[in-house]
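Student: Numbering that gives the first Met the number 0 puts the sequence shown at residues 0 to 158. Virtual Cβ for every residue (Gly too), placed ideally from N, Cα, C. In this text the structure is predicted, and so the values were computed from the model without any measurement. What follows is a structure written as structure tokens; I'll ask about it next.
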Amino acid sequence: MLTVILLEFAVPVWLLCFCCELFVTVLVHPKDKQEKEDLTECVYKVPCANCDKTYIGETGRKFGVRLQEHRTEVESKTERKFTRSLRASSLTEHNKPALTDHATQENHVINWSQATVIDREPERFTRWFKEAIHTRKEGQQAMNRDEGSYQQPRIRPLS
Ligand SMILES: [Zn+2]
């Protein structure tokens with residue numbers, strides 16, 4: 000007789016019991032279920048909570064780790080009180096990622112909970128290309144200043 004074990008996030012599956020030859024229902028953890036934060040080698044989209052702009056990015060690492068890096072950077076820039084001169088100087092800084100620029104210059108809040116993985120690609124150059132395609136698809140709604148890493152492969156580390 001198979002023992003039914005209740006597990007968190009478990010799904011019911013029919014199995015044939017060898018001793019009593021009856022179909023029984025067991026609850027199992029689906030092995031292919033993966034939390035979005037754990038996804039690697041992906042292209043992702045981060046929306047703004049105050050307007051219809053979105054940020055398209057890519058990472059070979061875990062999506063959750065990259066998202067937290069964006070969040071830490073945005074929060075470190077937006078926590079400081081913006082004086083008129085600080086705001087003016089921030090407008091001239093172009094070395095910050097577009098996502099951080101959008102939050103600081105527009106004084107908008109990023110909708111972190113709605114950030115999603117929109118594509119998966121293990122090959123780095125193809126992933127950069129896909130990032131560019133997704134950025135182009137967003138058109139005027141994209142926060143990105145250009146089409147991403149695809150246009151600047153020479154400044155990326157080779158590792
Ligand atoms: Zn916005």
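Straight-line CA distance for Lys35 to Phe62?
Tutor: 7 Å
Student: Which of the three DSSP states, helix, strand or coil, is assigned to Leu98?
Tutor: Of the three classes helix, strand and coil, the one that applies to Leu98 here is helix, per DSSP.
Student: Tell me, to the nearest whole angstrom, how far the beta carbon of Lys136 is from that of Asp118; I am working on the premise that it is less than 8 Å.
Tutor: Lys136 to Asp118, Cβ: 11 Å. No contact.
Student: Contact between the region 68-78 and the region 13-22 is defined here as three or more beta-carbon pairs at a separation below 8 Å; is this criterion met?
Tutor: no
Student: Below 8 Å CB to CB, which residues in the same chain sit around Pro121 once its five sequence neighbours on both sides are set aside?
Tutor: Glu40
Student: With a threshold of 8 Å, establish whether the CB of Glu105 neighbours any heavy atom of ligand 1.
Tutor: yes
Student: Can you tell me where the alpha helix (DSSP H) with Thr77 in it begins and where it stops?
Tutor: 62-77
Student: Going by C-alpha distance, which of Val108, Thr58, Arg60, Arg144 is nearest Pro96?
Tutor: Sorting Val108, Thr58, Arg60, Arg144 by C-alpha distance to the C-alpha of Pro96 places Arg144 at the top.
Student: Can you tell me whether His93 is buried or exposed, with buried defined as 16 or more other CB within 10 angstroms of its CB?
Tutor: Because His93 carries a pLDDT of 46, less than 50, the predicted location of this residue cannot be relied on, and no value is offered for it.
Student: From the DSSP output, in three-state form, read off Ala114 for me.
Tutor: coil
Student: Quick check: is any heavy atom of ligand 1 less than 8 Å from the C-beta of His101?
Tutor: yes
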